[in-house]
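These protein sequences, in sequence, are chains A and B. Under the numbering used here, the first residue of the first sequence is numbered 1214, with each subsequent residue one higher. Under the numbering used here, the first residue of the second sequence is numbered 1226, with each subsequent residue one higher. Glycine included, C-beta positions come from ideal geometry on N, C-alpha and C.
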Amino acid sequence: AQKITQTQPGMFVQEKEAVTLDCTYDTSDQSYGLFWYKQPSSGEMIFLIYQGSYDEQNATEGRYSLNFQKARKSANLVISASQLGDSAMYFCAMREGSWGGGADGLTFGKGTHLIIQP
Amino acid sequence: EPEVTQTPSHQVTQMGQEVILRCVPISNHLYFYWYRQILGQKVEFLVSFYNNEISEKSEIFDDRFSVERPDGSNFTLKIRSTKLEDSAMYFCASRMTGLQETQYFGPGTRLLVL
């Protein structure tokens, strides 16, 4: 079974609209972390936002927010007021288990290719 | 703003040769990682490194792979006897200690094995 599932291989969105990128995860751990990264066509991986499993509030970073629904095991990324520069691949990732000792390699989903249209 | 750097940006090698990919993590970070991304596919974890030893490795990280922190700033990934299927983008990442979970990625090294 996939640990991270991103069901939208591609999305087209009009500029200035809000967009939601879906991510569901599968873990039996109580402690875990969820991340979103952006990968533009240039190839680098840019950190966007993080949500810890014990965080009660949904994470926000500027135009990015994470809609964390623990019971549903979903961690959707919401981008408000989309811009042309938001066009990129977006990856959801998870860290499972105790991270104190460094055994915290991230598991990534297959990504969503977001295209913002003018 | 501090960032992870990687060299070279591109590497072409012949099958069977050895390659060394270099990374300079963010200076006050203590946890280091290598990931790879085969073209058009998802990012895959290879290895994590802390306190001068491997903390965790994936099935991909077989005995042809090794990592080293030869000095206080560099973190290297060596691949011996390269195979065609090693062709991928290799990302280095680093993380600060304590409660700071976020792993910051370098720009990647594109490895092509011919």
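Based on the DSSP output, what are the partners of residue i in its beta bridges?
i, result
"residue 1286 (chain B)", "Paired residues: none, contrary to the question."
"residue 1300 (chain A)", "Bridge partners of residue 1300 (chain A): none, in fact."
"residue 1287 (chain A)", "A:1237, A:1282"
"residue 1258 (chain A)", "Note: residue 1258 (chain A) sits in no beta bridge, so no partner."
"residue 1291 (chain B)", "B:1303"
"residue 1247 (chain A)", "A:1264, A:1307"
"residue 1232 (chain A)", "A:1292"
For residue i, would you say it is in contact with chain B, using Cβ-to-Cβ distances shorter than 8 Å as the test?
i, result
"residue 1263 (chain A)", "yes"
"residue 1216 (chain A)", "no"
"residue 1240 (chain A)", "no"
"residue 1256 (chain A)", "yes"
"residue 1320 (chain A)", "yes"
"residue 1281 (chain A)", "no"
"residue 1308 (chain A)", "yes"
"residue 1229 (chain A)", "no"
"residue 1235 (chain A)", "no"
"residue 1317 (chain A)", "yes"
Provide the residue span of the beta strand (DSSP E) that contains residue i, from first to last.
i, result
"residue 1313 (chain B)", "1313 to 1320"
"residue 1269 (chain A)", "Counting along the chain, residue 1269 (chain A) falls outside any beta strand (DSSP E), and DSSP gives it neither H nor E."
"residue 1224 (chain A)", "1223 to 1227"
"residue 1325 (chain A)", "1325 to 1330"
"residue 1303 (chain B)", "1300 to 1304"
"residue 1235 (chain B)", "1235 to 1238"
"residue 1276 (chain A)", "Residue 1276 (chain A) -> no beta strand (DSSP E), and no H or E assigned at all."
"residue 1246 (chain B)", "1244 to 1249"
"residue 1337 (chain B)", "1334 to 1338"
"residue 1271 (chain B)", "1268 to 1275"
"residue 1220 (chain A)", "No beta strand (DSSP E) contains residue 1220 (chain A), which DSSP labels as neither H nor E."
"residue 1231 (chain B)", "1230 to 1232"
"residue 1262 (chain B)", "1256 to 1262"
Does the distance from the CB of residue i to the CB of residue j come in under 8 Å?
i, j, result
"residue 1282 (chain A)", "residue 1272 (chain A)", "no"
"residue 1297 (chain A)", "residue 1236 (chain A)", "no"
"residue 1312 (chain B)", "residue 1318 (chain A)", "no"
"residue 1301 (chain B)", "residue 1251 (chain B)", "no"
"residue 1248 (chain B)", "residue 1331 (chain B)", "yes"
"residue 1294 (chain A)", "residue 1229 (chain A)", "yes"
"residue 1321 (chain A)", "residue 1268 (chain B)", "yes"
"residue 1275 (chain B)", "residue 1318 (chain B)", "no"
"residue 1246 (chain A)", "residue 1326 (chain B)", "yes"
"residue 1238 (chain A)", "residue 1288 (chain A)", "yes"
"residue 1239 (chain B)", "residue 1336 (chain B)", "no"
"residue 1253 (chain A)", "residue 1301 (chain A)", "yes"
"residue 1315 (chain B)", "residue 1260 (chain A)", "no"
"residue 1305 (chain A)", "residue 1219 (chain A)", "yes"
"residue 1321 (chain B)", "residue 1277 (chain B)", "no"
"residue 1234 (chain A)", "residue 1277 (chain A)", "no"
"residue 1299 (chain A)", "residue 1279 (chain A)", "no"
Give a yes or no on whether the minimum CB-CB distance between residue i and chain A is below 8 Å.
i, result
"residue 1240 (chain B)", "no"
"residue 1291 (chain B)", "no"
"residue 1303 (chain B)", "no"
"residue 1236 (chain B)", "no"
"residue 1326 (chain B)", "yes"
"residue 1315 (chain B)", "no"
"residue 1268 (chain B)", "yes"
"residue 1250 (chain B)", "no"
"residue 1330 (chain B)", "yes"
"residue 1283 (chain B)", "yes"
"residue 1298 (chain B)", "no"
"residue 1273 (chain B)", "yes"
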